[in-house]
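Reading through the structure tokens given below for one structure.
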Amino acid sequence: MDTKANVLYEQALTVFECGAQLLEQTEESFNLLVNQIKWEDLTPDQKAAFQGWHKGIQQASTSIRCPE
Numbered sequence: 620m621d622t623k624a625n626v627l628y629e630q631a632l633t634v635f636e637c638g639a640q641l642l643e644q645t646e647e648s649f650n651l652l653v654n655q656i657k658w659e660d661l662t663p664d665q666k667a668a669f670q671g672w673h674k675g676i677q678q679a680s681t682s683i684r685c686p687e
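Using my numbering, you'd call the opening residue of the sequence shown number 620 and step up by one each time.
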């Protein structure tokens, strides 16, 4: 029986899964960039920004599947 609550739950689950997959794909793409970038060609600010972005994406990807 599809109650309104069940329908909304399923919609929320779909949105959540889409978001989780997007984060995981973003992390995979960033990992490819990390392996290809010539770190010595970046300024210290660029390196710090890149590393911060990478760390943030890793944390988001992990926490969406395993929240505390």
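No residue lacks a Cβ here, since even glycine has one placed at the ideal position from N, Cα and C. Predicted model only: the values in this text are computed from it and were never measured.
Reduced DSSP secondary structure (H/G/I, E/B, other) of residue i
| i | result |
| --- | --- |
| Ile683 | helix |
| Ile656 | coil |
| Thr633 | helix |
| Leu661 | coil |
| Thr645 | helix |
Neighbourhood of residue i by C-beta distance below 6 Å, restricted to the same chain and skipping five residues each side
| i | result |
| --- | --- |
| Phe649 | His673, Ile676 |
Whole-angstrom C-beta distance between residue j and residue i, which should lie under 8 Å
| i | j | result |
| --- | --- | --- |
| Ser680 | Glu646 | 4 Å |
Own chain, CB closer than 8 Å to residue i, minus 5 neighbours either side, in chain order
| i | result |
| --- | --- |
| Ala624 | none |
Distance CB(residue i)-CB(residue j) smaller than 9 Å
| i | j | result |
| --- | --- | --- |
| Leu642 | Ile683 | yes |
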